[in-house]
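K.L.:
Have a look at this one before I ask anything.
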Amino acid sequence: MTFYGKLVLLSGIVLLASCQSARQHPQDQAYVPDDDMCGASQFQSFIGKPLTSIENMRFGTESRAIAYNSVVSMDFNLRRLNFMADAQGNITRIYCG
105 MTFYGKLVLL SGIVLLASCQ SARQHPQDQA YVPDDDMCGA SQFQSFIGKP LTSIENMRFG
165 TESRAIAYNS VVSMDFNLRR LNFMADAQGN ITRIYCG
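The structure is reproduced here in structure tokens:
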């Protein structure tokens, strides 16, 4: 085999190797949790009601009522139930986080 033949063969092997996709191992993949780990979907009927309507309720998980323009910690807890209110004090959003 000539020098150029070997060079073409080697170039082809290098090109094919560079086209190969990287293998992903299951432990390398990011865990994408459910969006409803806190059970927020069960409480969507509270949207539009006053934030005070949940004051004495127990939810079985950590929860917080977030008044309009209030300051809350930004820690992300998928098991925490959040009730967010608008300027009139009505619940506008219920979510996990």
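Terminal number for the sequence shown in this note's numbering: 201, no gaps in between.
Glycine included, each C-beta is placed from N, C-alpha and C at the ideal position.
#1: So residue 194 and residue 170 are in contact, right, with Cβ under 8 Å, and what is the actual spacing, rounded?
#2: Can you tell me which residues form a DSSP beta bridge with residue 168?
#3: Within 10 angstroms of the Cβ of residue 114, are there 16 or more other Cβ atoms? Answer buried if so, exposed if not.
#4: Write down the C-beta distance between residue 201 and residue 181 rounded to the nearest angstrom, noting that I regard them as a contact closer than 8 Å.
#5: By DSSP, does residue 106 sit in helix, in strand, or in coil?
#6: Please name the residue, chosen from 183, 196, 189, that lies closest to residue 172 on a Cα-to-Cα basis.
#7: Checking 8 Å against the spacing of the C-beta atoms, do residue 162 and residue 184 come in under that value?
#8: Per the DSSP calculation, residue 197 is bridged to which residue(s)?
P.N.:
So, to answer that:
#1: So it is not a contact: roughly 12 Å between Cβ atoms.
#2: 186
#3: exposed
#4: 7 Å
#5: coil
#6: 189
#7: no
#8: 188
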